[in-house]
Amino acid sequence: MAGAGEWDLALRRRHLKIAVPLLVVLTVVLVAVFADALAPFDPTAQHLTYRLRPPRWAARGDPRFLLGTDHLGRDILSRLLYGARVSLPIALAATTTGAIIGVTLGLLSGYFRGSVDSVVTKLIDIQLSFPFILFAIAVIAVAGPKLSVLVMVLAARSWTTFARVVRGETFTISGNDYVMAARALGASQTRVIVRHIAPNILPLAVVIGTLDIGALIILESTLSFVGLGIQPPTVSWGKELSDARQYIQLAWWTTTFPGLALLVVVLFVNMLGDGLRDILDPRLKAR
Amino acid sequence: MTWLVRRLFHFAIVIWGVTTLVFVALRLTGDPAMMLLPGNPTMAEVELAREKLGVNKPLITQYVAFIGDAFRGRFGTSFLHGVDATGVVLERLPATALLAGSALLLAAAFAIPLGILAAVFRGTIADFAVMTLTVIGQGVPFFWLGLMLILIVGVELRLLPTGGYGTLQHLVLPSLTLAGYIGASTARLARSSMLEVLGRDYMRTARAKGLALHVVVLKHGLKNAAIPLVTFLGLQMGLLLGGTVVVEEIFGWPGVGRLLLQAISFRDYPVVQAATFILAMIFVLVNILVDLVYVLLDPRVRDQR
Amino acid sequence: MIAFKGSISRLWTASPVALGLLWGVPATAQPATNQLVIAQGTDAVTMDPHNTTQMTAMQPFNFVYEKLLNRDKDMRLIPELAEAWKSLDPTTWEILLRKGVKFHNGEDFNAEAVKFTLDRVRVSGATAVSGGFTTIAEVRAIDANTVHIVTKQPDPLLPARLAQWGAQMLPPGYIKEAGVEGLALKAVGTGPYRFGQWRKDDALVFEANPAYWGAAPKFSRVTFRPIKDELARVSALTAGEVDIAVNIPVDFTDQVKTGKGTYLAQTLAAATDVFLMGSDEALKSRDVRLALNLAIDRKKLSDTLFRGFAKPIAQGAAPTDFGFNPSIPDYPYDPEKAKKLLADAGYPKGFSIVVQSSNGYILGDTLVVEAVVEMLKKIGVDAQPRVLEIARRAEMLGKRQVTGLVLANPGSTLFDTDGIVWRLLHPEALAGSYWPRGQKDTDFYKLMETARYTIDESARRELYFKAAEILHDDPPWLYLWQEFFLYGVNCRVAFAARVDTMILPASLEADASKRGGGQCQ
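Protein chains in written order, with my numbering: chain A, 57 to 343; chain B, 1498 to 1802; chain C, 30 to 550.
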């Protein structure tokens, strides 16, 4: 039996695993919120005579542009700060949407089984085998290149993960003695789902969600690469990176800084997910 | 046996669903006639073109004809290439299959052992190193990785070609890039799978009994960790086929991904439909294989599928 | 799956993997000295020269197909498969054909082949290039080496049409045997190179034609490789894997110029960048359109965005086109005057407009849109940028539903004002319905219609000069500049760029001593 001191340490480590990344993510959120005050320039302001200037400390750098300028002479630092306003919320919104759809379908499928399950699994497989690029183009062509549409497209990518995992868990739990007993005692379907199954599923969903956000942030960048993502004048890290890909060699700062921003955020969001998973249920490590 | 039949039925519906949705999606998104005629067509010329392409008939008629032909493997003549669409897709399939297959093999060969290593030596430097690698792999868009490889290995070091197709040399960079795409998450999954298995009671019992570490890991651990891994790799097929689009673009690899992107841009209906159908078939085949392996490894699971 | 069977056998033969891959020749091997590798953005989609308008297909065609006439480096018409031509009467032209020429499959090139080819393209809507040949009424083979072409109305451009894209001569025998599908897969022409192999999306290979009627081909093999990503294309050049990288972005020009072993070849292209103007209410006013033109600092954009590789224009035609009026000045950059004009037109507070382009279709398109949007905002116009998907853009143009500004790059393959201006601005054409000044029976309309059918060159020129003045004073478009076309070339190849951006076998030399530019040591 572990002594009281050891127990404390383990708990503290677990809490640290969440606290640190949470702090970082919150900082990024704050930066996004206060971008107006923090950014030295309007992110869309062009200084055409100062195109592709390196960061301030380098040879041809200009003191006004701390991190240098991009191919249209726009301040990279300002674009990074404002970019946070887009990259994070989109991924968050997409994951949440995907979670809502996926968890609901997964629950229904796992609990009711039979024909409901049959339909849901077909939907999942149809979505997975539908070429994502075609899906993205079709949706955007019909509904327009708006932010909300982009969220829907990204959500389409993530709901299947939620659905599959939740379905599996629901299967297991609903076959559980506890649940069968509740049903035998006359509890309604809804009550059973809400009181017995959902509380076990939700933590799982949260963990999947945090791990998913990172992937969606990166996916947004890949969509821009193919020409389907964020449209100007909106700024996002993913679009920055994609737009500047021609200049990887010629102007390293145009890709490195957005890339670092992406990397840092994805890293800490993933850490947050790992930490949450550790706290919520060691059994969940299997995911 | 009935299980197999049920699965086949399931996948037949899936293929039908995807093919129909693609049919609808294409027709909602724009007029192919407009795309194919140069600069300055008159309205009459456009109508003539639409008739030649067969897109001016009512949707239902088009759909019925389409489904009938589709199940015989015929998708019509490519609007852009002027030859049979199915042939156009199949020509490029080996290249994509080679790329995806190599990437999968690379990922399996490197990522899985690394993940297992990280699990077995949890908390040590090795674990930390592997985790750092995976974090980087998941934190950068892989097209950036591909471009960096071209620059460093192809241009600066001149070790490998910067793109193209034809020899094993041309395969290295593209498959490395694609393997990077799925490798990071594969390694993490291998690690957490292994961790979970290692933590189970019977494993501790086996170790307590004095069995050597590697026996424990290989015999018992792997077998159980394999299940979620196999499913995962099967799932990755879908991701891989999507990822090949980007890699093929960057490296000039003559595969289906690139073709699909071009066909979609130009609304080349027959090629898009043929490619989607064929890709869906592949996805389905892989899934059936995965299911079979799954069932072999753990018969109890059959009910859950 | 009947159709699959044949395709599956093709699957095996098409797959070099199945035959056992070797590691391959060392990556650093350059193409052998008598071979040439050209990298373009995309692969050709067909070998049928009448059914594509893709420039990246036209380039390879220059090596295997030939036309009756062609153009020299100054864009003057020169004989190719035709030895001489003259107009017998206003609607009949006589063409005398070169003797002793054979197609790559051994067939003779003669009047029958010419009649077959021209009859194929002159039917409206029959091929993708038919639009350029609809003036032809009839083609008569008089004898084996003489052809008469009858036009519906007097057509001063007939000889130019015989030198344009889509005028490549085809072998009737081969087509009868292999059909249109065979032609789409394998090119059979009369050129200095013959079709070798086509690995789709990977490489298109041509071999030298020893039986060629003209100057011996300088290379034993010419390969076209499609490399879409610009960085990858330039990297291939720098790594020595390709000899010519076609169409490179301006930001790479320094690297190519100063790089060891590479140099920059450039030319003004016969294409202009403009923003077509749509059906917006505000755009109906001449003052508004003029204001927009005065609000753009073209020189600044050219210097910064394009490093000088963009030549401002202020009229419809490009300086390299027939009918370009050299006495028309460029627009000054005058945002104050622009604001005043807007106020005069009734828009003192500006108006809303959407500025559109597709992404990657025209080099630098999204950059230009973003830059122009900023400049318009400075004169009070609420400009919104928007990226159009290629198909959507084509649809908008085709259905005559353009709103706002749309980036386009009009050009005339005939190097003629008619092609670059009237083809687009005619009331029934793509961009014609929106401009009040070009509608039926206006002075502009009359000028252009008359010029279209005037055979006398100097009279035609006068008409176009007058038209150019109207195009300048009452602009239908937001003019930008004439494009430069840039190539990165390996120092071992001497290459002279042409205004029509075509790479002709004649413009290449493998002889290193003839390299252009002092960029190679």
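Quick reminder that beta carbons are idealized off the backbone N, C-alpha and C, glycines included.
Whole-angstrom distance between residue j and residue i, CA atom to CA atom
i               : j               : result
A1597 (chain B) : L1737 (chain B) : 6 Å
G150 (chain A)  : A238 (chain A)  : Reading off the sequence shown, one finds Ala at residue 150 (chain A), where the question assumed Gly. So the alpha carbons of these two residues sit roughly 35 Å apart.
M425 (chain C)  : G162 (chain A)  : 42 Å
D118 (chain A)  : G139 (chain A)  : 22 Å
K328 (chain C)  : Y508 (chain C)  : 12 Å
T57 (chain C)   : E270 (chain C)  : In this predicted model, T57 (chain C) has a pLDDT of only 40, less than 50, meaning its place in the structure is not dependable; the value taken from the coordinates is given anyway. T57 (chain C) and E270 (chain C): Cα-Cα distance of roughly 8 Å.
T100 (chain A)  : T296 (chain C)  : 33 Å
P239 (chain C)  : N91 (chain C)   : 17 Å
I74 (chain A)   : L1614 (chain B) : 25 Å
E113 (chain C)  : P364 (chain C)  : It is Ala, not Glu, that sits at residue 113 (chain C) in the sequence shown. Straight-line Cα distance between these residues: approximately 54 Å.
A1676 (chain B) : K1706 (chain B) : 39 Å
T1674 (chain B) : A1623 (chain B) : 23 Å
S308 (chain C)  : R422 (chain C)  : 15 Å
D411 (chain C)  : L1776 (chain B) : 45 Å
R130 (chain A)  : D485 (chain C)  : 53 Å
E225 (chain A)  : G427 (chain C)  : 53 Å
P55 (chain C)   : A525 (chain C)  : Low local confidence applies: a pLDDT of 44 at P55 (chain C) is under 50, so the model's placement there is unreliable, with the coordinate-based value given in what follows. Answer to the nearest angstrom: the Cα atoms are 31 Å apart.
T246 (chain A)  : G158 (chain A)  : 18 Å
L128 (chain A)  : V401 (chain C)  : 11 Å
A261 (chain A)  : S244 (chain A)  : 24 Å
K128 (chain C)  : P221 (chain C)  : 16 Å
Contact belief for residue i with residue j at Cβ below 8 Å, rounded distance in angstroms
i               : j               : result
R1589 (chain B) : G1752 (chain B) : 5 Å
T432 (chain C)  : D350 (chain C)  : About 29 Å; that fails the 8 Å criterion.
V1521 (chain B) : I182 (chain A)  : Actually they are not in contact, since the Cβ atoms of V1521 (chain B) and I182 (chain A) sit about 13 Å apart, beyond 8 Å.
F146 (chain C)  : V518 (chain C)  : Looking at the sequence provided, one finds Thr at residue 146 (chain C) rather than Phe. Their Cβ separation, rounded to whole angstroms, is 33 Å, which puts T146 (chain C) and V518 (chain C) out of contact at 8 Å.
G1643 (chain B) : A265 (chain C)  : With 8 Å as the limit, G1643 (chain B) and A265 (chain C) do not qualify as a contact, their Cβ atoms being about 14 Å apart.
A347 (chain C)  : I449 (chain C)  : 7 Å
D280 (chain C)  : W510 (chain C)  : Not confirmed; about 17 Å, so no contact.
Classification of residue i by the beta-carbon crowding that lies within 10 angstroms, buried from 16 upward
i               : result
W451 (chain C)  : buried
Y234 (chain A)  : exposed
R213 (chain A)  : buried
P1555 (chain B) : exposed
P439 (chain C)  : buried
N174 (chain C)  : buried
W113 (chain A)  : exposed
W1500 (chain B) : exposed
F473 (chain C)  : buried
R69 (chain A)   : exposed
M236 (chain A)  : exposed
R1503 (chain B) : exposed
Identity of the residues DSSP links to residue i by a beta bridge
i               : result
R223 (chain C)  : C:E236
E270 (chain C)  : Answer by DSSP bridge pairing: none, since E270 (chain C) is not bridged.
V1743 (chain B) : DSSP output for V1743 (chain B) lists no bridge partner at all.
W506 (chain C)  : C:L305
D445 (chain C)  : C:F351
S331 (chain C)  : For S331 (chain C), which the question treats as bridged, DSSP gives no partner whatsoever.
G440 (chain C)  : C:A300
Q69 (chain C)   : C:P255
E524 (chain C)  : Going by the sequence as given, residue 524 (chain C) is Phe instead of Glu. Beta-bridge pairing links F524 (chain C) to C:L537.
H177 (chain C)  : C:E123, C:R169
**OP:** Counting only runs of 4+ residues fully inside the region 87-156 of chain C, write out the alpha helix (DSSP H) ranges in chain order.
**Re:** Unbroken alpha helix (DSSP H) stretches of 4 residues or longer found wholly inside the region 87-156 of chain C: 140-150, given in chain order.
Original post:
Fully enclosed by the region 152-208 of chain A, which alpha helix (DSSP H) runs are 4 residues long or longer?
Top reply: Considered as a whole, the region 152-208 of chain A harbours 170-185, 188-199 as its complete alpha helix (DSSP H) runs of no fewer than 4 residues, in chain order.
Subject >> Every unbroken beta strand (DSSP E) within the region 1590-1625 of chain B, with a cutoff of 3 residues, ordered by chain >> reply: None, since the region 1590-1625 of chain B contains no complete beta strand (DSSP E) of that length.
Original post:
Unbroken alpha helix (DSSP H) runs of length 4 or more, entirely within the region 58-137 of chain A: which are they?
Top reply: Here the runs fully enclosed are 60-89, 91-94.
**OP:** Would you list, in sequence order, the uninterrupted alpha helix (DSSP H) runs of no fewer than 4 residues that lie entirely inside the region 1498-1531 of chain B?
**Re:** 1499-1525, all fully within the region 1498-1531 of chain B.
Original post:
Of all the alpha helix (DSSP H) runs that stay within the bounds of the region 218-260 of chain A, which reach a length of 4 or more residues?
Top reply: Counting only runs of 4 or more, we get 233-240.
Original post:
Of all the residues that make up the region 142-159 of chain C, which are near chain F by a beta-carbon distance shorter than 8 Å?
Top reply: Absent here is chain F; the protein component of the structure consists of chains A, B and C.
Original post:
Can you list, in chain order, the stretches of the beta strand (DSSP E) that have 3 or more residues and sit fully within the region 381-426 of chain C?
Top reply: Counting only runs of 3 or more, we get 381-387, 411-417.
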